[in-house]
Each structure stands twice: as C-alpha cells, then as structure tokens.
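FYI, in the UniProt record's numbering the residues of the sequence shown are 1 to 220.
We put the beta carbon where it would ideally sit given N, CA and C, even for glycine.
These notes are about the structure you will find just below.
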Amino acid sequence: MKIILLGPPGAGKGTQAKSISNKYSIPHISTGDIFRKNISEKTPLGIEAKSYIDKGQLVPDKLTIDIVQDRLEHEDCKNGFLLDGYPRTVSQAEALKNFLNEKGEKLDTALLIDVQKEFIIDRMTGRRVCPDCGASYHVRFNPTKVEGKCDICGSVVIQRADDTESTVKDRLDVYETQTQPLIEYYKNQGLLSTVDGTQSIDDVFKDICGVLGAINSDNN
Ligand code: ADP
Ligand code: AMP
1 MKIILLGPPG AGKGTQAKSI SNKYSIPHIS TGDIFRKNIS EKTPLGIEAK SYIDKGQLVP
61 DKLTIDIVQD RLEHEDCKNG FLLDGYPRTV SQAEALKNFL NEKGEKLDTA LLIDVQKEFI
121 IDRMTGRRVC PDCGASYHVR FNPTKVEGKC DICGSVVIQR ADDTESTVKD RLDVYETQTQ
181 PLIEYYKNQG LLSTVDGTQS IDDVFKDICG VLGAINSDNN
C-alpha cells in the first residue's frame with residue numbers, strides 16, 4: 001500500500017500512523033520526525049529546518065522534496081509506504097506524483113483524518129512525544145501508563161517546542177492556506193478517502209482499517 005495521511009496538525013496522523021504501519025508492514029515516514037532527528041543531531045539540514053519549524057512555517061519545498069525522495073528510494077519502501085506530514089503543498093504533491101509516475105507507480109489513497117479547528121489547540125498543547133521512538137501521547141486523551149515515560153521504550157516524554165498555543169495558531173494558518181488545498185487536489189484525482197478524526201483513537205483506527213481494507217481488496 002502507498003498511502004499519504006492528510007489532516008491538520010493535531011489530527012492524529014502520527015498516532016494512527018504507528019498502528020497502520022504495524023498492520024500493513026509498511027514504513028512510517030514522517031517528515032516532521034526526520035527534521036526533529038536532524039535538529040537534535042545539529043546537522044546542516046537540522047539547523048536550516050529549525051529556523052522555519054520554530055516559527056510554525058513550512059520548510060522550503062526543495063529541501064523537503066529531496067529528503068523524501070531519498071527516503072523513498074530505500075529498500076523498505078519497495079512494497080509501499082505511509083507518508084505522514086508529506087505532501088504539505090501542491091508542489092510537493094506534484095513532485096511525489098512525478099516521482100511515482102517515473103517508476104510506473106501511483107498512490108493507493110490520500111487518507112484525510114478530518115478534525116475541525118476547535119479540537120486542535122487542546123490536542124496539541126496537551127501532546128507529549130517520545131524523543132527516541134516518536135510515539136505520541138496526550139496528557140488527558142492518551143496518557144502514558146507510567147507518568148512521563150514512553151509506553152514503548154521507557155524514555156522520558158517531552159513537549160514539542162512548536163506545540164505552544166501561539167505557534168499552533170500559526171501552524172493552523174499555514175495548514176489552511178498551503179496544505180488544505182490538497183484535499184481538493186486528491187479528490188479531483190479520485191484518491192481521497194476520509195475518516196472522522198474526532199472519535200476515540202480506537203474508533204478512528206477501526207474506520208481507517210475499513211477504508212484501507214476495501215482499497216486493498218479492490219487492488220487484488
Ligand atoms: P498529528 O501527527 O496529526 O500532528 P498526533 O497523532 O501527534 O497528531 O496527535 C495530536 C495529539 O492528539 C496527541 O497528543 C494525541 O495523543 C492526541 N490524539 C490523537 N488522536 C486522538 C483522538 N482520536 N482523540 C483524542 N486525542 C487524540
Ligand atoms: P509535524 O511533525 O508533521 O507536525 O511537522 C513539524 C514541522 O516540520 C512543521 O510545522 C513544518 O515546519 C515542518 N514540516 C514537516 N513536514 C513538512 C513538509 N512536508 N513540508 C514543509 N515543512 C514540513
């Protein structure tokens with residue numbers, strides 16, 4: 001399966017991506033995670049990306065497109081992939097389409113996790129993430145089993161620097177102007193599927209399995 005996840009910041013893309021990646025045995029590729037890893041390792045890419053991420057802006061297309069294309073060339077993407085947080089602009093979407101076309105491949109679906117704006121501030125300011133394995137938690141909606149420790153790897157969970165209320169508002173504006181048009185873009189190509197992201201985490205996953213199961217059986 002070749003899947004991209006769409007939805008505003010805080011929709012639950014990272015949360016659901018872990019479960020989808022396990023179920024379908026495809027790598028979860030999060031551009032945000034790639035940038036954060038580079039920031040923590042202070043690579044040139046990380047230093048450049050940080051200046052945009054801290055302000056809630058998008059990292060320039062050229063840089064982002066190159067990173068994703070490199071990643072998609074890895075052996076583990078041969079049977080599919082799950083892109084989380086990419087594409088975020090129409091230029092990135094066109095680049096992905098051309099990249100796949102050149103290999104005679106195409107996306108199976110662009111899966112929108114639909115969540116209205118009023119849910120987002122609460123979700124993002126309460127988010128806690130594991131800096132080591134990338135797992136995402138919420139202080140109220142999805143707490144860690146042991147306070148402050150990742151359920152998966154036991155590392156201390158942290159609050160992301162860009163999850164403050166003012167940066168979240170900037171990120172939502174960026175989403176509306178630059179990323180939301182992708183919903184129409186994929187709808188016009190007959191690739192959009194949508195689930196209601198305001199349900200519980202388990203119910204969202206059930207709906208996602210329903211959608212992906214139907215696509216998978218159409219393909220076989
Ligand atoms: P995204 O990757 O789309 O930015 P995350 O998966 O990190 O979003 O989720 C954002 C926050 O909302 C996290 O704190 C997560 O635990 C919480 N969350 C995710 N899905 C739900 C849900 N269905 N209901 C309530 N909280 C959720
Ligand atoms: P995320 O972890 O998906 O919330 O991404 C965190 C931040 O990384 C975003 O607010 C952007 O600054 C940057 N970023 C992640 N993915 C992209 C992308 N596809 N294009 C540009 N910037 C991105």
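Alpha-carbon to alpha-carbon, I4 and F99 | Computed Cα separation, rounded: 14 angstroms.
Quick one: is the Cβ of V59 within less than 8 angstroms of any heavy atom of ligand 2?
Yes, ligand 2 has a heavy atom inside 8 angstroms of this Cβ.
| said: Report the start-end ranges of each beta strand (DSSP E) in the region 142-210 that is 3 residues or longer and not cut off at the edges. | reply: Secondary structure remark: continuous beta strand (DSSP E) runs of at least 3 residues inside the region 142-210, in chain order: 192-196.
request  = Can you check DSSP and say which residues form a bridge with R128?
outcome  = Note: R128 sits in a beta bridge opposite Y137.
State the Cα-Cα distance for the pair Q209 and S136, rounded to the nearest angstrom. Per the sequence shown, residue 209 should be read as Cys rather than Gln. If I take the Cα positions, the gap works out to 20 angstroms.
Checklist entry - Applying the criterion that 16 or more other CB atoms from any shown protein chain within 10 Å of the CB defines a buried residue, is G56 buried or exposed? => result If you draw a 10 Å sphere on the C-beta of G56, you find 16 or more other C-beta atoms in it, and that means buried.
| field | Helix, strand or coil at D33 according to DSSP, with G and I counted as helix | value | In the structure shown, D33 adopts helical secondary structure according to DSSP, grouped into three states.
Can we count R171 as close to ligand 2, meaning its CB is less than 8 angstroms from some heavy atom? Answer for R171: yes, Cβ within range of ligand 2.
Problem - T109 beta carbon near ligand 1 (any heavy atom closer than 8 angstroms) - result: Every heavy atom of ligand 1 is 8 angstroms or more from the Cβ of T109, so no.
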